[in-house]
Amino acid sequence: MYSGAAAAAGPPRRDFISVTLGPEEAVGVGGYNNSKAWRRRSCWRKWKQLSRLQRSVILFLFAFLAVCGVISYSSMGETWKSITNKSLDDQRTEQEIPRLKLANPAVLPAPQKADANRGDYPELSLQKPPKPPHVRRGPSNLQIKAPRRDTRLKIQQDTMRAVEQLVEADKVEKTEKSIISWRGAVIEPDQSTEPPSSKIMEPEKPSSVEAEDQKEPVPINERQLAVIEAFRHAWKGYKDFAWGHDELKPLSKSYSEWFGLGLTLIDALDTMWILGLKEEFEEARKWVAKDLVFDKNVDVNLFESTIRILGGLLSTYHLSGDSLFLEKAKDIGNRLMPAFKTPSKIPYSDVNIGRGTAHPPRWTSDSTVAEVTSIQLEFRELSRLTGDEKFQKAVDEVMKHVHTLSGKNDGLVPMFINTNSGQFTHLGVYTLGARADSYYEYLLKQWIQGGKKENELLEDYMRAIEGVKKHLLQKSEPKKLTFVGELAHGHFSAKMDHLVCFLPGTLALGAHNGLAADHMKLAETLIETCYQMYAQVETGLSPEIVHFNLHAQKGHKDVEIKPADRHNLLRPETVESLFYMYRFTGDKKYQDWGWEILQNFNRYTRVPTGGYTSINNVQNPSNPEPRDKMESFFLGETLKYMFLLFSDDIDLINLDKYIFNTEAHPLPIWVPA
């Protein structure tokens, strides 16, 4: 319904807006069509509409992001490059990896790259908690743990990083290497030892740390500290009066030369490392680096220079990971090779390491059997490390030749062998003392070193021990001590060298590696005899040679000593066997016996101004007649075995991973890859 006013106003008015379109706009060209050109003009208009401050902030943010991007790209590039290189290296390693690896590569602690951080040596004031030594267990990865907490944590962190990097590879390649435990005298060895690798094997870092290795270590005990003090006292004399020379003469405060190659220093290198004497080791290392030169016109004894110098350098290389010692070992090893240039391949006794010539002693063309058959551990290991087969080939030929020779008596060998004919000489005389002793020791130890695969070595060893039982064992009166005598043309002699006291330890080592159980029983009886060679003497120190009474005589002891035999040279053989016996049985009496011997060394052979001296008369406590000479093996062997004997840590040079040469230098046992 409309009102009257509205009707009077007339019809409503309409308004219109007129828009004129140009030709381009009319067809839609140049309008918003999402083209790149249109977007650029639109963004530019918006950019121009921003204030100067806003534009500055945006530009700064873009610049900052660009810098971060460059840095991130560089870092990722290096990471990718290292991963790629590692992958390529792993592929090469799979193709070139040697057939044999260390049973426990690189220890005390696992060395870093050779020559890296030489000054950071562990101070071995702590060890792992003791376990019952009589319980035999498989090998662990680390032999000795560094005591300092920061060092220990660093090793664990580095190891865990290595584990994380290798975990995938471990899943693929990990296989459980079981230790075969043989029982009884009849053993079926595996196939023959693989030839040495053609590539040099550097020590490897352990790829994992077993749970037991992460247990809190325990302090070194008082007896071990006493050994360290004795070593430092001996070292003081050598450093003050004989530095760089072969042997100390502590009374005259001078020195004696044999080869002019610093025998005492080289012999003591691995002892210092095991005892944790960081400063002394570093000082000795500097001498080796700067002053140990083998290019000298000097004759050296093949056997002595092999077991002391070559063995000492190889052992120190394995314990420290420092390639300096391997380079020196290769140098002396090459210089000793002319000794094998004989018609029979039985080496000459003497080598001129400067001229490259070799010759027998002036008085004979013979070499001693012990000398030519007790250099194998060292030369075999040198081949394995360098990839040069000539070293192992030379010494293996000697063993194979001796294996085939006639003139043995139920496995017992004569003392001499001719370098021209290759035949035994001086037939009919059999001993486990001087000139033959370490032949028997190295039969067993080569078999163990090579992974228990070389049947001929084991056969010769087992046959020889049976020969000892049959021909050389007797009991003394009144205590009925079992001893090892000598046989000369069918006649038994109740003479026993102190050198023969290596035998209890060797027998125990064989029993530990699965040989006949009666070997351990014989070891227990013989070590008692060796101890009595000390206990029944006035000074408590053994003479060089004893004669046992075979018939009871009133007022006579089991042990008789002749005036020419009553000297003591600070020899290690009894302490060596005590170490093996304690390590395998856990019987504390062996530690107590060793402690008595150390106290008597301190009482009768210690020189106040530094050093220890051999003595001429073990039967005269008031005047033992000092000889004014400290043999290099006192530091290289005697004190080392003392320290190991007093330790309850069976991983302090684990005997399932290391084999000691006849100069107490530990070398790794090979295991199949």
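Residues 1150 to 1822 (this note's numbering) make up the sequence shown, in order. Note that beta-carbon positions come from the ideal geometry of N, C-alpha and C, so glycine has one too.
Do you know whose CA, among L1400, I1614, L1794, R1484, lies nearest N1824's CA? This structure cannot speak to residue 1824, because the chain is shown only from 1150 to 1822.
Using the DSSP secondary-structure output, state which residues sit across from T1574 in a beta bridge. The partner list for T1574 (beta bridge, DSSP) reads F1565.
Which residue wins for smallest C-alpha separation from H1696, given the options A1672, G1654, A1713? The residue with the shortest Cα to Cα distance from H1696 is A1713.
Endpoints, the beta strand (DSSP E) within which H1898 is located: Nothing can be reported for residue 1898: it is not among the residues displayed for the chain, which extend from 1150 to 1822.
So, under 8 Å CB-CB, H1705 and S1464 are touching, yes? Tell me the CB distance rounded to an integer number of Å. Not confirmed; about 44 Å, so no contact.
With DSSP collapsed to three states, give me the class of W1136. Since the first and last residues shown for the chain are 1150 and 1822, residue 1136 lies out of range.
Which ranges would you report for the beta strand (DSSP E) in the region 1414–1457 if only whole runs of at least 3 residues count? Counting only runs of at least 3 residues, the region 1414–1457 fully encloses the following beta strand (DSSP E) elements, listed from N- to C-terminal order: 1448–1450.
Cβ of S1726 within 7 Å of Cβ of P1773? It is not a contact, given that the beta carbons lie outside the stated cut-off.
If you follow the beta strand (DSSP E) that E1812 is in, where does it begin and where does it stop? No beta strand (DSSP E) contains E1812, which DSSP labels as neither H nor E.
Spatial neighbours of S1405 within its chain, please: C-beta separation below 7 Å, excluding the five flanking residues on both sides. Excluding sequence neighbours, S1405 sits near D1395, E1396, K1398, K1778.
W1392 in three-state terms, based on DSSP: DSSP places W1392 in coil when its eight states are reduced to three.
Which residue marks the beginning of the beta strand (DSSP E) containing K1737, and which one marks its end? Run containing K1737: none; DSSP gives neither H nor E here.
Looking at chain D, is there any beta carbon in it that lies within less than 7 Å of the beta carbon of S1587? Absent here is chain D; the protein component of the structure consists of one chain.
Quick check on the DSSP output: the alpha helix (DSSP H) that includes Q1768 runs from which residue to which? Segment: none, Q1768 is in no alpha helix (DSSP H) and carries neither H nor E.
Whole-Å CB distance - A1666 paired with A1672, under 8 Å assumed: In this structure A1666 is not in contact with A1672, their Cβ atoms being roughly 11 Å apart against a cut-off of 8 Å.
Limits of the unbroken alpha helix (DSSP H) element including I1481: Taken as a continuous stretch (DSSP letters only), the alpha helix (DSSP H) holding I1481 covers 1472–1485.
So V1578 packs on V1547, CB below 8 Å; how close in whole Å? About 21 Å separates the CB atoms of V1578 and V1547; that is not less than 8 Å, and the two are not in contact.
Below 8 Å on the Cβ atoms is my contact criterion, and I expect T1413 with S1781 to pass it. Report the Cβ-Cβ distance as a whole number of Å. With 8 Å as the limit, T1413 and S1781 qualify as a contact, their Cβ atoms being about 4 Å apart.
For L1784, the nearest candidate out of V1767, D1800, G1760 (CA to CA): Of V1767, D1800, G1760, the residue nearest in Cα terms is G1760.
For the region 1523–1533 and the region 1561–1578, state whether three or more C-beta atom pairs, one from each stretch, are separated by less than 8 Å. The region 1523–1533 vs the region 1561–1578: no contact.
Assigned exposure category for T1517 - 16 Cβ within 10 Å defines buried: That one is buried.
Have a look at the DSSP bridge pairing and note the partners of M1645. Looking at the DSSP assignment, M1645 forms a beta bridge with V1695.
In chain order, what residues of the same chain have a beta carbon less than 7 Å from the beta carbon of D1586, not counting five sequence neighbours either side? Cβ neighbours of D1586 within its own chain (closer than 7 Å, five residues either side excluded): A1519, L1648, V1649, F1651.
Identify whether V1500 lies in helix, strand or coil by the three-state DSSP scheme. The answer is strand: DSSP assigns V1500 an E or B state.
In its own chain, which residues sit with a C-beta less than 7 Å from the C-beta of E1325, not counting the 5 before and 5 after it? Note on E1325: pLDDT 38, under 50, position unreliable in the model; the coordinate value appears next. For E1325, where only same-chain residues beyond five positions count, there are no Cβ hits under 7 Å.
CB-CB length for N1765 against H1716, believed under 8 Å: Between N1765 and H1716 the beta-carbon gap is near 5 Å, inside 8 Å, which marks them as a contact.
Pair within 7 Å by beta-carbon distance, T1506 and P1487: At the C-beta level, T1506 and P1487 come within 7 Å of one another.
Please state whether DSSP places W1384 in a helix, a strand or coil. Assigned with DSSP and collapsed to three states, W1384 falls in helix.
Use the C-beta contact count for F1211: other C-beta atoms within 10 angstroms, 16 or more gives buried, fewer gives exposed. Here F1211 is exposed, its C-beta having fewer than 16 other C-beta atoms within 10 Å.
Whole runs of the beta strand (DSSP E) within the region 1509–1550, excluding any shorter than 3 residues: List check, beta strand (DSSP E) in window: 1515–1517.
Taking a contact to mean a Cβ-Cβ separation below 7 Å, would you say A1374 touches W1422 in this structure? Here the sequence assigns Leu to residue 1374, which means Ala is not the residue at that position. Not closer than 7 Å, so no.
Measuring straight from C-alpha to C-alpha, what distance separates L1554 and A1643? The straight-line gap from Cα to Cα measures roughly 28 Å.
Quick check: I1818 and Q1598, are their CB atoms within less than 7 Å of each other? In this structure, the beta-carbon distance from I1818 to Q1598 falls below 7 Å.
Using a 10 Å radius around the Cβ and a threshold of 16 neighbouring Cβ atoms, would you call C1217 buried or exposed? A residue is called buried when at least 16 other Cβ atoms come within 10 angstroms of its Cβ; C1217 does not meet this threshold and is exposed.
If you count every other CB in all the chains shown that lies within 10 Å of the CB of H1552, and 16 or more means buried, which is it? By the 10 Å Cβ count, H1552 comes out exposed.
Under 8 Å: do the region 1606–1626 and the region 1554–1565 share three or more Cβ pairs, one atom per stretch? Yes, they touch.
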